[in-house]
Amino acid sequence: MNHISGWLLALPFLAGAVLPLQAGINGQLARQLSSVFAAALISFAVGSLALLLMTLSQREMPGLDALKQLTWWHWSGGLLGAFFIATAAFAGPRVGALLFMVLVIAGQLAMAITLDHFGWAGFRESPITFSKLAGLLLIIAGIWMIRRG
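Counting with our numbering, you get residues 1 to 149 for the letters of the sequence shown.
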């Protein structure tokens with residue numbers, strides 16, 4: 001395995017660690033507003049404002065020509081994010097943080113194995129192996145164990 005710096009490993013760990021917190025916050029927001037979609041909208045509005053300020057501060061705003069060159073699937077990331085946020089606000093409080101997150105992880109790993117195997121969405125091609133599949137199956141077994149507990 002190539003040497004990967006510690007901060008590059010810590011960053012995705014931290015991003016993953018805040019997901020259950022984000023789901024809980026958005027679930028509480030949805031309860032306060034009596035609307036999953038309004039909660040997701042507020043979440044995205046706040047996030048979009050933060051990203052706009054960071055983009056402007058870095059002077060990295062893309063020009064109209066760059067935006068015109070994007071294809072439909074370049075825009076789909078925002079829709080997928082909206083789906084996740086709305087799902088987290090709805091399902092997270094109903095199933096609990098642990099079960100919600102282990103289901104999210106299982107879904108992420110299943111998609112990651114598929115993306116890597118076929119080299120889709122810009123990822124380098126890396127075939128499915130028995131070890132990778134076994135790891136995913138262990139996560140799925142963990143879901144079963146968590147539900148039993």
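Glycine is no exception: its CB is placed at the ideal position from the N, C-alpha and C atoms.
Restricting attention to 9, 24, 6, the CA atom closest to the CA of residue 97 is found in 24.
The way I'd put it, the segment 84-93 does touch the segment 40-51; three or more beta-carbon pairs between them come closer than 8 Å. Our two residues, residue 28 and residue 20, have alpha carbons roughly 12 Å apart in a direct line. Note on the segment 21-91: there is no whole beta strand (DSSP E) run with a minimum of 3 residues. Using a Cβ-Cβ distance cut-off of 8 Å, the segment 68-82 and the segment 98-116 are not in contact, since fewer than three pairs of beta carbons, one from each stretch, lie closer than that value.
Sixteen is the threshold: when 16 or more other Cβ atoms of the shown chains lie within 10 Å of the Cβ of residue 30, as they do, the residue is buried. In the three-state scheme derived from DSSP, where H, G and I count as helix and E and B as strand, residue 129 is classed as coil.
With respect to the 9 Å criterion, residue 140 and residue 112 are not classified as neighbours on the basis of their beta carbons.
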